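Chains A and B, in that order, give the protein sequences.
Okay, so the first sequence: first residue is 1 according to my numbering, each after it adds one.
Okay, so the second sequence: first residue is 1001 according to my numbering, each after it adds one.
In what follows, a single structure is set out as structure tokens and then discussed.
There are 2 protein chains.
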Amino acid sequence: MNHPHPLQSLKRPLTEALLLGLQGIFGARLSTSQAMREHHGKDESSYDPMLPDAVVFAHSSEEVAAAVALCNEHAFPVIAYGTGTSLEGHILALQGGLSIDLSQMNQVVAINPEDLTVTVQPGVTRKQLNVEIKDTGLFFPIDPGADASIGGMTATRASGTNAVRYGTMRENVLALTVVTAAGKIIKTGTRAKKSSAGYDLTRLFVGSEGTLGIITEITLKIYPQPEAVSAAICSFTDIASAVNTVIQTIQMGVPVARVEFLDESSVRAINQHDKLSLPEKPLLMFEFHGSEHGVKEQAEVVQHIAAEFGAIGFEWATRPEDRSRLWQARHNAYFALLQLRPGCRAISTDCCVPISRLADCLLETKADCEREHIIHGIIGHVGDGNFHVQMLVDTNDAADVARAEGVNARMVARAIAMNGTCTGEHGVGLHKMDFLVDEHGEAAIDVMRSIKHAMDPNNILNPGKIIRW
Amino acid sequence: MNHPHPLQSLKRPLTEALLLGLQGIFGARLSTSQAMREHHGKDESSYDPMLPDAVVFAHSSEEVAAAVALCNEHAFPVIAYGTGTSLEGHILALQGGLSIDLSQMNQVVAINPEDLTVTVQPGVTRKQLNVEIKDTGLFFPIDPGADASIGGMTATRASGTNAVRYGTMRENVLALTVVTAAGKIIKTGTRAKKSSAGYDLTRLFVGSEGTLGIITEITLKIYPQPEAVSAAICSFTDIASAVNTVIQTIQMGVPVARVEFLDESSVRAINQHDKLSLPEKPLLMFEFHGSEHGVKEQAEVVQHIAAEFGAIGFEWATRPEDRSRLWQARHNAYFALLQLRPGCRAISTDCCVPISRLADCLLETKADCEREHIIHGIIGHVGDGNFHVQMLVDTNDAADVARAEGVNARMVARAIAMNGTCTGEHGVGLHKMDFLVDEHGEAAIDVMRSIKHAMDPNNILNPGKIIRW
């Protein structure tokens, strides 16, 4: 085992009585097979799997509520499962438990185009959602790399390439249905665009990673498809020039829809993976949304800024198929980078800093990777000050892992010192619990802990994640 | 007393020991004078005053922490005070207690124009903030009617006329410093634009109305002043046409910066109050922010939609002084409306519904007011589906108050049935505690209560507000 799990010893038993009770609810939709447990005991992180004792496939909030109530009586862990694409060990069954797979709760419950809202079950994936609402002329912009489930994206407070313009799950979830630790079903909001009605339970559950409740329905904002879209890419001789172009674009208030950075390694990786021939230099990819004229105006401002920082070329991708190809390549970057060192796994970092500190943070981190001779790529949602260093490590080589974790720890410390955060969009999971303390301080963590204790007194909801009990 | 306070009997004593302790911290900045207590025992609601036992003027987070820690030892209530402009009885000292006046903590702590953020003490008012950051070319858009303090606006999850474009305090607070019930000072976030780092304490404190902690520092997003601004007004023969113009504007995704509705009474009131000569018909006031061309484009789309709904005239206010005069008049509407029935007080309602239901909700409510013969005006941040019926009542006439409260209760029920909220921006305070239960349901309120109990076990933080203990 490469990443030992200190809490493994706390494993709680699945009793015969509990198993029978769960079978009563789920029948053939309960499984204790090794294959099923293995599938639900790992994510995309570099952690080794930690298996749940059983897996159920839920079909309704009521079933989830019944299962959680039963597990609560037995003080038995429950872990919500969507697509298994989390990156920080979120769904690993540290103490065993029941994996509640929500992927079959994949109905779009209501589309309200007249209000720019949609209500979905948690197993709907972001791509599925956009297919299902396409005819309305509306779209849902949040796009993490994976085709994640909306439930998982909500629980992780996910974002992606469009966040610079449209915000993250924090800004785009209007209301939730949640099953509490006691097995009660609650609604946390309405479809009103704003509200001052009491504690913001919606935002409390967004990003709570299954530790405060299980999300079983989500109402989201959706947006009119822009009248016009254009995209452009440009390369730079050095990283600082690329990043400074972004900083100035944001500071001038240009409402870019997307602005993504890829370092040379990442460009090389997507060239290979997606058969592209981009110059293997630091690259920015822009997308502009608006009216025909507005899009042109934005692009001209950005082109001018890029030229000031010595951009090499400024190429337009006006045809939709060219744009799709570029953005698909960007979304594939995680997998493309894996191929730079076959057989290895990626430790994917995720810090976010105030935009004025982005160049400093990114360049110092890059230098650290180079000092440590770590094969890596850096990609970033740089308009938000968020970037990922993907370090390719041999997880069987403890020294290799330690080097990469050292780079990550120093990067997080650097980001926090710059008044940034240890995770822009991936979440805490197992991997960042100590960084969370560094970022918030013990007193704030104590407040989080008091909330966890109040809302989940038996510590059954995804135990051992975000904060220590 | 017109609105009796059921919890008055719970008044807790200010002991000599506690008073001496507070004098040790605040010296001459502690007062128990009747005048000072009266000033701090009322807000802009129609409730009669309820006086705190003492008032202190805090100068630092550390002083607030010391005072709260001391009061917590004595299980003595503490109520944060900003400008006293809340509308739902938020700051009334139901159980007596210590009013902590934060108005002298009015420093802008840090301006970071390069990151589009500013950090302020809670006593800074919204107008003061905009004066202090003016030279940076940036502005803070949230503008409730009153020149409220940023601390109070944060605690109430306030918004205003710009929210349709820029969001509310929910979207614009990045991080807080908060004093907890135990008297600890915590930080809830960073200056990073996004984060997935643990429970969203920032959003939990935003809108918590002083019941979970006392906010002593706020980091806000600020925005580049738009390159171009234009404003337009147009009148309609009926309310439905005005509201339907707004609905279509929002559904088409036009990024209006402001769109305000005033009914005939409200137009008449501001005509009198601000010496204007607007047609006394339902009115829309628009403001557009963007590039020169973008602003023109937006306005043309809106003008076209308004024409389809039979708008009478579409007048431009291109000169900044004309725009200021119009918006000043709009901000004065609350006070202007008070003069429609001299000697009376206003019961100001505040519901918010999905935009497609706005015309129904507003018209049914208007009809109800007319049936009850209540002098009233309706104004609304209609782009968000939010409107206020301001009912002028003689608070010495119980039947008059009851009629108005009946209209309000039916309006709230209507809004909730339409999947809206009982308060768009004013908050819960004393007045909406029952509506909050109607909106969220007992199970969700229980979750809020469990959070309150966990974070404030002695119920010292603004007790008796938002939820019943």
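Note that CB positions come from ideal geometry on N, CA and C, so glycine has one too.
In this text, all values refer to a predicted model and were calculated from it rather than measured experimentally.
- Take residue 1424 of chain B, set aside five residues on each side of it, and the residues of its chain with a beta-carbon closer than 6 Å to its own are 1350, 1352 and 1386, in chain order.
- With a beta-carbon spacing of about 6 Å, residue 221 of chain A and residue 116 of chain A fall inside the 8 Å limit used to define contacts.
- Looking only at B/1033, B/1151, B/1345 and B/1145, the smallest Cα-Cα distance to residue 1260 of chain B is reached by B/1145.
- Non-local beta-carbon contacts of residue 160 of chain A in its own chain, meaning distances under 6 Å to residues more than five positions away in sequence, involve 142, 143 and 144 in chain order.
- Considering only B/1108, B/1100 and B/1426, the residue with the shortest C-alpha distance to residue 1039 of chain B is B/1100.
- Following the DSSP letters along the chain, one finds residue 296 of chain A in no beta strand (DSSP E) but inside the alpha helix (DSSP H) bounded by residues 292 to 308.
- Between residue 1209 of chain B and residue 1465 of chain B a beta carbon distance of about 5 Å is seen, short of the 8 Å cut, so the two are scored as contacting.
- By DSSP's assignment, residue 1221 of chain B forms a beta bridge with B/1117.
- For residue 1224 of chain B, the neighbours in chain A by C-beta distance under 7 Å run, in chain order, 252 and 253.
- Interface annotation, residue 197 of chain A: in contact with chain B, CB-CB separation under 8 Å.
- Just measuring C-alpha positions, the residue of B/1338, B/1214 and B/1051 sitting nearest residue 1456 of chain B is B/1214.
- Residue 261 of chain A: member of the beta strand (DSSP E) spanning 258 to 262, first to last residue.
- Here residue 75 of chain A is not near residue 184 of chain A, since their CB atoms are 8 Å or more apart.
- For the pair residue 29 of chain A and residue 52 of chain A, the CB atoms are not nearer than the 8 Å cut-off.
- A Cβ of chain A is located within less than 8 Å of the beta carbon of residue 1455 of chain B.
- With respect to chain A, the C-beta atom of residue 1388 of chain B has no partner C-beta closer than 8 Å.
- Secondary structure of residue 1012 of chain B (DSSP, three-state): coil.
- Residue 1132 of chain B places its beta carbon 8 Å or farther from that of residue 1429 of chain B.
- Using a Cβ-Cβ cut-off of 8 Å, residue 1428 of chain B is close to 196, 197 and 198 of chain A, given in chain order.
- Distance from the CA of residue 224 of chain A to the CA of residue 361 of chain A, rounded to the nearest whole angstrom, comes to 35 Å.
- Within the same chain, Cβ atoms closer than 7 Å to the Cβ of residue 1254 of chain B are found at 1298, 1301 and 1302, the five residues on either side in sequence being excluded.
- Separation of the CB atoms of residue 197 of chain A and residue 1436 of chain B is rounded to 6 Å, and the pair is thereby assigned contact status at 8 Å.
- In summary, the residues of the region 341 to 366 of chain A whose CB is separated from some CB of chain B by less than 7 Å are 352, 353, 354, 355 and 356, in the order they occur in the chain.
- Judged by pairs of C-beta atoms under 8 Å, the region 1371 to 1389 of chain B touches the region 1335 to 1342 of chain B, as three or more such pairs exist.
- Interface with chain A (8 Å Cβ-Cβ cutoff): residue 1115 of chain B is included.
- Here residue 44 of chain A has 85, 86 and 87 as same chain residues with Cβ atoms under 7 Å from its own Cβ, once five neighbours each way along the sequence are excluded.
- Pairing residue 200 of chain A with residue 1206 of chain B gives a Cβ-Cβ distance under 8 Å.
- Distance from the CA atom of residue 1230 of chain B to the CA atom of residue 1290 of chain B, rounded to whole angstroms, is 9 Å.
- Excluding sequence positions up to five before and after residue 395 of chain A, its CB lies within less than 7 Å of the CB of 2, 46, 345 and 401, all in the same chain and listed in chain order.
- In this chain, residue 357 of chain A is not harboured by any beta strand (DSSP E), its DSSP state being neither H nor E.
- Using a Cβ-Cβ cut-off of 8 Å, residue 159 of chain A counts as an interface residue toward chain B, since at least one Cβ of chain B sits closer than that to its own.
- If you draw a 10 Å sphere on the C-beta of residue 275 of chain A, you find fewer than 16 other C-beta atoms in it, and that means exposed.
- Closest in alpha carbon position to residue 1069 of chain B, among B/1458, B/1042 and B/1469, is B/1458.
- DSSP places residue 1458 of chain B outside any alpha helix (DSSP H), giving it a letter other than H or E.
- Excluding residues up to 5 positions away in sequence, 1082, 1102, 1103, 1104, 1105, 1106, 1149 and 1151 lie with their Cβ nearer than 7 Å to the Cβ of residue 1123 of chain B in the same chain.
- Where residue 1410 of chain B is concerned, the enclosing alpha helix (DSSP H) starts and stops at 1398 to 1417.
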